[in-house]
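Encoded as structure tokens, the structure appears first; notes follow it.
In my numbering, the protein residues as written are 169 to 513.
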């Protein structure tokens, strides 16, 4: 069906001639064409206009030749759909003027009709699928309930999300109410995305590493597990928890098709923790793309040697940085494509 189905085959654990490659945040800020659109349209206009979202999603396919597309969107479209105001402030990032930090505010939060409130995302998927013309698969994504919760309660990004954690530990009942509302919305949203045409979904738990292993199970993982269970039979799910290497063993038995690994965990450790039972994705340090291209090539080949070429998707350990030269991103992708070793077969 696809001209290039390496990514989907690697997710299924099938044998591949080389690992597939894509980059988190690949449709974005390191590309000059993206910056032109950024100067013309504000952030949420780009997310909410299907033609713009499609154009941005296609950029890295055409320009650096990755093996999968990921829909240009944002994790904070979920709180917006739940009538929680979200702005993108220059120099600040996400800004929620009315944080959800009291019993009254949490009770007021709606579980929306995603087909109504997030229809623009579904339209962007349909248009992108048409434009991709079966060239490569399309990934849809959502933030983990815990990560969305962090922004909703804190009101902005944070080094420690102290207010979000304070709510969890002082009023766990309220925290779980809000987490469950976010989870229900996220499940409906991801199912609608699959229906609209995405081939797989990734759950980004960007702030999971803020929690201790015990608290992670209670306030984050159990909700991601609900999402994985709900999407069984719909589409493969990739779970990515930044700073959550301690949970890899548990994650590997969750029914997810693949697990993202960040650069603080070695490939060897990740394989040991997951008992080599699941496809792993990662874990090149995004800052390492500032190395000279020949060093990038060498390090990428070493990374693949360590993970093994099977049951593996080459990626970064988190999103690509804005200051990465395009030819360095190209070097990363080309290094994976040029990988040849007897252990591929």
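C-beta: ideal position from N, C-alpha, C; glycine also.
Note that the structure is a prediction, hence the values are computed from the model and not measured.
Under a three-way DSSP split, which group does residue i fall into?
| i | result |
| --- | --- |
| residue 502 | helix |
| residue 477 | coil |
| residue 467 | helix |
| residue 445 | coil |
| residue 368 | strand |
| residue 256 | strand |
| residue 483 | strand |
| residue 237 | strand |
| residue 289 | helix |
| residue 189 | strand |
| residue 218 | helix |
| residue 230 | helix |
| residue 333 | helix |
| residue 511 | Confidence at residue 511 is low in this model, with a pLDDT of 47, below 50, so its placement is unreliable and the value that follows should be read with caution. Note: residue 511 maps to helix in three-state DSSP. |
| residue 318 | helix |
| residue 181 | coil |
| residue 304 | coil |
| residue 244 | coil |
| residue 400 | coil |
| residue 195 | coil |
| residue 437 | helix |
| residue 421 | coil |
Name the DSSP bridge partner or partners of residue i?
| i | result |
| --- | --- |
| residue 414 | Bridge partners of residue 414: none, in fact. |
| residue 427 | 407 and 448 |
| residue 392 | In the DSSP output, where bridge partners are listed per residue, residue 392 has none listed. |
| residue 309 | 370 |
| residue 263 | 255 and 324 |
Suppose contacts are defined by Cβ-Cβ distances below 8 Å. Is residue i in contact with residue j by that definition?
| i | j | result |
| --- | --- | --- |
| residue 174 | residue 368 | no |
| residue 494 | residue 198 | yes |
| residue 397 | residue 423 | yes |
| residue 387 | residue 426 | no |
| residue 442 | residue 474 | no |
| residue 450 | residue 372 | no |
| residue 266 | residue 331 | no |
| residue 457 | residue 496 | yes |
| residue 334 | residue 218 | no |
| residue 251 | residue 215 | no |
| residue 362 | residue 415 | no |
| residue 434 | residue 410 | no |
| residue 501 | residue 233 | yes |
| residue 296 | residue 222 | yes |
| residue 286 | residue 365 | no |
| residue 447 | residue 181 | yes |
| residue 319 | residue 228 | no |
| residue 489 | residue 454 | yes |
| residue 209 | residue 314 | no |
| residue 244 | residue 224 | no |
| residue 438 | residue 468 | no |
| residue 378 | residue 329 | yes |
| residue 264 | residue 254 | yes |
What's the call for residue i, buried or exposed, on a 16-neighbour Cβ count within 10 Å?
| i | result |
| --- | --- |
| residue 483 | buried |
| residue 185 | exposed |
| residue 445 | exposed |
| residue 113 | There is no way to answer for residue 113, as the model of the chain reaches only from 169 to 513. |
| residue 430 | buried |
| residue 463 | exposed |
| residue 436 | exposed |
| residue 508 | exposed |
| residue 308 | buried |
| residue 176 | buried |
| residue 499 | buried |
| residue 510 | Note that residue 510 scores a pLDDT of 49, beneath 50, so its modelled location is shaky and nothing firm can be said. |
| residue 401 | exposed |
| residue 289 | buried |
| residue 428 | buried |
| residue 248 | buried |
| residue 384 | buried |
| residue 370 | buried |
| residue 405 | buried |
| residue 513 | Confidence is the limiting factor: at residue 513 the pLDDT is only 43, short of 50, which leaves the residue's position unreliable, though a coordinate-based value still follows. Exposed, since its Cβ has fewer than 16 Cβ neighbours within 10 Å. |
| residue 419 | buried |
| residue 275 | exposed |
Would you check whether the ligand NAD has a heavy atom nearer than 7 Å to the C-beta of residue i?
| i | result |
| --- | --- |
| residue 262 | Judged by which ligands are present, the structure shown has none, so any question about the ligand NAD falls away. |
Of all Cβ atoms in chain C, is any one closer than 8 Å to the Cβ of residue i?
| i | result |
| --- | --- |
| residue 461 | Checking the listed chains, one finds no chain C in this structure; it contains a single protein chain. |
Contact between the region 323 to 330 and the region 348 to 355 (3+ Cβ pairs under 8 Å): no
Touching by the beta-carbon criterion (3+ pairs, under 8 Å), the region 180 to 194 and the region 233 to 249: yes
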